[in-house]
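Notes follow the structure.
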Amino acid sequence: MSRKRRSRLSLRTREAINGHLFTLPFVIGFILMFLFPFIQSMMFSLSKLEISSQGYTLTWTGLENYHNALFINAEYPRLLLETAVQMLRDVPLILVFSFFASILLNQQFKGRLFARVVFFLPVILSADIILRMESADYISAFLDASLAEEAASQGTLGTIFSRGQLVSLLMYMKLPQQLVTYIVTGSEQIATIIRSSGVQILIFLAGLQSISPSLFEVAKIEGATGWECFWMITFPMLSPLIVTNIVYSIIDFFTIPSNPLVDFIESNMFGGAGYGVAMAMSWLYFVFIALFLLLTAGLISRRVVYME
Amino acid sequence: MKRKYVIGFIIGILRYLVIVSICYVILRPLLAKIVSSFMMEQDLYDQTVKWIPRNFTLENYRAMYVHMKYLIALRNSLAFSLLIALLQLASCTLVGYGLARFRFRAAKLIFALAIFTLIVPPQIIILPLYLNFRFFSIPFVMPKPGINLLDSIWPFVFMAASGTGFNNGLFIYIMRQFFKNSPKSLEEAAYIDGANAMQTFVRVMLPGAVPALVIVFLFAFVWQYNDYFFTGMYWSKAVLLSHTLDVAAANYAYSLGTHFRGHYISLLNNTGMILFILPLLVLFGFTQRYFIESVERTGIVG
Chain A
926 MSRKRRSRLS LRTREAINGH LFTLPFVIGF ILMFLFPFIQ SMMFSLSKLE ISSQGYTLTW
986 TGLENYHNAL FINAEYPRLL LETAVQMLRD VPLILVFSFF ASILLNQQFK GRLFARVVFF
1046 LPVILSADII LRMESADYIS AFLDASLAEE AASQGTLGTI FSRGQLVSLL MYMKLPQQLV
1106 TYIVTGSEQI ATIIRSSGVQ ILIFLAGLQS ISPSLFEVAK IEGATGWECF WMITFPMLSP
1166 LIVTNIVYSI IDFFTIPSNP LVDFIESNMF GGAGYGVAMA MSWLYFVFIA LFLLLTAGLI
1226 SRRVVYME
Chain B
569 MKRKYVIGFI IGILRYLVIV SICYVILRPL LAKIVSSFMM EQDLYDQTVK WIPRNFTLEN
629 YRAMYVHMKY LIALRNSLAF SLLIALLQLA SCTLVGYGLA RFRFRAAKLI FALAIFTLIV
689 PPQIIILPLY LNFRFFSIPF VMPKPGINLL DSIWPFVFMA ASGTGFNNGL FIYIMRQFFK
749 NSPKSLEEAA YIDGANAMQT FVRVMLPGAV PALVIVFLFA FVWQYNDYFF TGMYWSKAVL
809 LSHTLDVAAA NYAYSLGTHF RGHYISLLNN TGMILFILPL LVLFGFTQRY FIESVERTGI
869 VG
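Okay, here's the thing in structure tokens:
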């Protein structure tokens, strides 16, 4: 009976029904466990929230929480600005690093498997509990100090230049002051940058694998050099992924629990300025992230080459 | 020709130099942890001790093993992560397949919403969710004050089963891209043979999707195992490894009735971290080949 009725439905309708059925879990979950709390949290940020054992009550206060977060709280605006500056500094470095690392790892050499495993380790080992503990770690600092001393006396790999030497070298190259500062602070961040590039490297690596080898063969027959191949084939073919990676890096940077602003909001939620203000802070933060993402994605995606 | 060979040789050496130094940066903190975990406290203050412990000891491991409640916490963590990862895998695969293979008007919207859940910082919805789970009620079925679902497994089960758990938007994205790229002919053959959509999905599509399934499962498992934020919020009484690790050093000091110095606490924490990551390293050791290859084959890139 049911079989008969089903077969009378058009292919289109059947497809639509199946589509809705398959995605139903997410739709229900999204409405109940995302959209609903999302709206609630907006309400919370506009009111005073009191929790008792019987439930919670909301008293409408308008924009007071936002006013508190922005103008009365001394820490928040400063942290917001600092996070933004830090992100502007780190995301380009992460991007450049993961791009070249993926190109390196895509080449044929002995020990490639080992290198890939090592490069991917940080993704697995960056639990927030570990990051949290490491921020208060003396031993790494202690070993760092003693190794840096050792390296400075022997000139080992990794610290070929001391900070002062690097600065004077870059100044000697007549680079602008701001660029020198950027490179120097960036080079001090190297460990953090390498550790937060794991997923990005994987995404680029997957992209490199999907470029058809025939493109390179043709280019070679036409007499293109490796340099030309890189700029004419590899770079444009990877450009859609650059957008993906920028978006991923920005989100990752903003939501990682070791981010001081995230930490600050959480500490305010339970104690400190209270729920309402903490929600207002989260909302301001979210709007900030969203604007930022739209702006970057909009600016960059114009230059992207899409092969459809 | 000879010049080309020389250039190739130099480039090869440079490449190794770069790769070795990057590996060094990644592995060094891990090595430092392993080395220091075998040291006794006085080695920390000894200027001549750098990489090799002078007073070799397993005492740190013993202490952390006891105070992390290692066996119980590990068992709980593994079982909990396995269950949640399987639920997330099931829901995200279903949704990803539905979005990739069936044309219907809401598909684009649903996909956009899945991506949207990735962009919103979890801090925004965590408090309302907390309250909803604390005073859990269903209109017309359960009366208003509701029941307390906190400190149970249910918040995690609900979120995992509906594909709204941590980073599940990413999993939906991966699965959708994978199914979009796989050939349609197998499914069409199955439909002609009279299978319905669910049968086709389970019998025909899933066996071919193993690479994508493995990567989503591993990500889900590792992230759940590592999670401190959500379990701390909704299930703070759970005996999970990420929580026992946090307080183990303090508990140890308390049981001895003393205070430890900062350096010694770090030493104990380092030892605890090794015990914490050890199962993940073992898991990664067994699956890394599969993992890294499957990332390439899933065509996350589309």
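Chains as they are written, first to last, in our numbering: chain A, 926 to 1233; chain B, 569 to 870. Glycine included, every Cβ here is placed at the ideal spot set by N, Cα and C.
DSSP on residue i, reduced to helix/strand/coil?
{"i": "F648 (chain B)", "result": "helix"}
{"i": "E1000 (chain A)", "result": "helix"}
{"i": "E1075 (chain A)", "result": "With a pLDDT of only 47 at E1075 (chain A), under the threshold of 50, the placement of this residue in the model should not be trusted; the figure read from the coordinates follows. Looking at E1075 (chain A) - three-state DSSP - the assignment turns out to be helix."}
{"i": "T982 (chain A)", "result": "strand"}
{"i": "F708 (chain B)", "result": "coil"}
{"i": "S966 (chain A)", "result": "helix"}
{"i": "E1059 (chain A)", "result": "helix"}
{"i": "I715 (chain B)", "result": "strand"}
{"i": "S589 (chain B)", "result": "helix"}
{"i": "L934 (chain A)", "result": "coil"}
{"i": "L1100 (chain A)", "result": "coil"}
{"i": "E989 (chain A)", "result": "helix"}
{"i": "E975 (chain A)", "result": "strand"}
{"i": "G1201 (chain A)", "result": "helix"}
{"i": "R671 (chain B)", "result": "coil"}
{"i": "N838 (chain B)", "result": "helix"}
{"i": "H827 (chain B)", "result": "coil"}
{"i": "E1147 (chain A)", "result": "coil"}
Between residue i and residue j, what straight-line distance do the alpha-carbon atoms span, to the nearest angstrom?
{"i": "A1134 (chain A)", "j": "F1160 (chain A)", "result": "The sequence shown places Gln at residue 1134 (chain A), rather than the Ala named in the question. So the alpha carbons of these two residues sit roughly 13 Å apart."}
{"i": "I602 (chain B)", "j": "I842 (chain B)", "result": "7 Å"}
{"i": "M958 (chain A)", "j": "Y613 (chain B)", "result": "51 Å"}
{"i": "F1025 (chain A)", "j": "Y592 (chain B)", "result": "17 Å"}
{"i": "A817 (chain B)", "j": "E1059 (chain A)", "result": "14 Å"}
{"i": "I620 (chain B)", "j": "T839 (chain B)", "result": "16 Å"}
{"i": "R744 (chain B)", "j": "A777 (chain B)", "result": "11 Å"}
{"i": "F789 (chain B)", "j": "W722 (chain B)", "result": "17 Å"}
{"i": "T1150 (chain A)", "j": "T732 (chain B)", "result": "48 Å"}
{"i": "I1136 (chain A)", "j": "N1031 (chain A)", "result": "12 Å"}
{"i": "P1002 (chain A)", "j": "G1197 (chain A)", "result": "16 Å"}
{"i": "Y820 (chain B)", "j": "V634 (chain B)", "result": "9 Å"}
{"i": "L946 (chain A)", "j": "L934 (chain A)", "result": "16 Å"}
{"i": "S1226 (chain A)", "j": "A680 (chain B)", "result": "17 Å"}
{"i": "L1130 (chain A)", "j": "F1044 (chain A)", "result": "12 Å"}
{"i": "Q691 (chain B)", "j": "A668 (chain B)", "result": "30 Å"}
{"i": "P1185 (chain A)", "j": "F704 (chain B)", "result": "32 Å"}
{"i": "L1163 (chain A)", "j": "W1156 (chain A)", "result": "10 Å"}
{"i": "R622 (chain B)", "j": "S1207 (chain A)", "result": "49 Å"}
{"i": "V1187 (chain A)", "j": "M1194 (chain A)", "result": "11 Å"}
{"i": "P775 (chain B)", "j": "Q856 (chain B)", "result": "20 Å"}
{"i": "V574 (chain B)", "j": "I1019 (chain A)", "result": "32 Å"}
{"i": "F872 (chain B)", "j": "L809 (chain B)", "result": "The question about residue 872 (chain B) has no answer, for chain B in this structure spans 569 to 870."}
{"i": "G830 (chain B)", "j": "W803 (chain B)", "result": "29 Å"}
Assuming residue i and residue j are in contact, meaning their beta carbons sit under 8 Å apart, how far apart are those beta carbons, in whole angstroms?
{"i": "P962 (chain A)", "j": "N700 (chain B)", "result": "7 Å"}
{"i": "V784 (chain B)", "j": "F844 (chain B)", "result": "That belief does not hold up - the Cβ atoms of V784 (chain B) and F844 (chain B) are roughly 23 Å apart, past 8 Å."}
{"i": "V1016 (chain A)", "j": "S1192 (chain A)", "result": "Not confirmed; about 25 Å, so no contact."}
{"i": "Y1200 (chain A)", "j": "L974 (chain A)", "result": "4 Å"}
{"i": "I1128 (chain A)", "j": "I594 (chain B)", "result": "The pair is not a contact, with the Cβ atoms about 18 Å apart (cut-off 8 Å)."}
{"i": "L835 (chain B)", "j": "M607 (chain B)", "result": "7 Å"}
{"i": "F683 (chain B)", "j": "Y741 (chain B)", "result": "One detail in the question is off: residue 683 (chain B) reads as Ile in this sequence, not Phe. About 7 Å separates the two Cβ atoms, so the contact holds."}
{"i": "N993 (chain A)", "j": "S970 (chain A)", "result": "Contact flag wrong, Cβ pair sits at about 11 Å."}
{"i": "V1172 (chain A)", "j": "L1220 (chain A)", "result": "With 8 Å as the limit, V1172 (chain A) and L1220 (chain A) do not qualify as a contact, their Cβ atoms being about 12 Å apart."}
Buried or exposed, going by whether 16 or more other CB atoms sit within 10 Å of the CB of residue i?
{"i": "H532 (chain B)", "result": "Since the displayed chain B opens at 569 and closes at 870, residue 532 (chain B) lies outside it and no answer follows."}
{"i": "L1006 (chain A)", "result": "exposed"}
{"i": "P899 (chain B)", "result": "No information on residue 899 (chain B) is available, as it lies outside the stretch 569 to 870 that chain B covers here."}
{"i": "F624 (chain B)", "result": "exposed"}
{"i": "R630 (chain B)", "result": "exposed"}
{"i": "P689 (chain B)", "result": "buried"}
{"i": "R571 (chain B)", "result": "exposed"}
{"i": "T982 (chain A)", "result": "exposed"}
{"i": "M727 (chain B)", "result": "buried"}
{"i": "Y638 (chain B)", "result": "buried"}
Closer than 8 Å to a non-hydrogen atom of the ligand ZN - does that hold for the CB of residue i?
{"i": "F703 (chain B)", "result": "As presented, the structure is devoid of all ligands, the ligand ZN included, so that no description of it is given."}
In the segment 953-970 of chain A, which residues sit with their C-beta less than 7 Å from some C-beta in chain B, listed in chain order?
I953, G954, F955, M958, F959, P962, F963, Q965, S966, F969
Along the segment 1169-1202 of chain A, what residues have a CB closer than 7 Å to any CB found in chain B?
Result list: I1176, F1179, T1180, P1182, V1187, I1190, E1191, M1194, Y1200.
Residues within the segment 1202-1213 of chain A neighbouring chain B, beta-carbon criterion of under 8 Å:
A1203, M1204, S1207, W1208, Y1210, F1211
What residues in the segment 935-950 of chain A have a beta carbon less than 7 Å from any beta carbon of chain B?
E940, A941, N943, G944, H945, F947, T948, P950
May I ask you to list, following chain order, the residues of the segment 1118-1136 of chain A that have a beta carbon less than 8 Å from some beta carbon of chain B?
Within the segment 1118-1136 of chain A, the residues whose Cβ lies closer than 8 Å to some Cβ of chain B are I1119, R1120, L1127, I1128, L1130, A1131, G1132, Q1134, S1135, listed in chain order.
Using a Cβ cut-off of 7 Å, which residues of the segment 691-711 of chain B contact any Cβ in chain A, in chain order?
Q691, I692, I693, L695, P696, L697, L699, N700, F703
Got a sec: which bits of the segment 771-803 of chain B sit with their beta carbon under 7 Å from any beta carbon on chain A, in order along the chain?
V790, N794, Y796, F797
Return the residues of the segment 839-854 of chain B that lie within a Cβ-Cβ distance of less than 9 Å from chain A, sorted by chain order.
G840, M841, F844, I845, L848, L849, L851, F852, G853
In chain order, what residues of the segment 1090-1109 of chain A put their CB closer than 9 Å to some CB of chain B?
none
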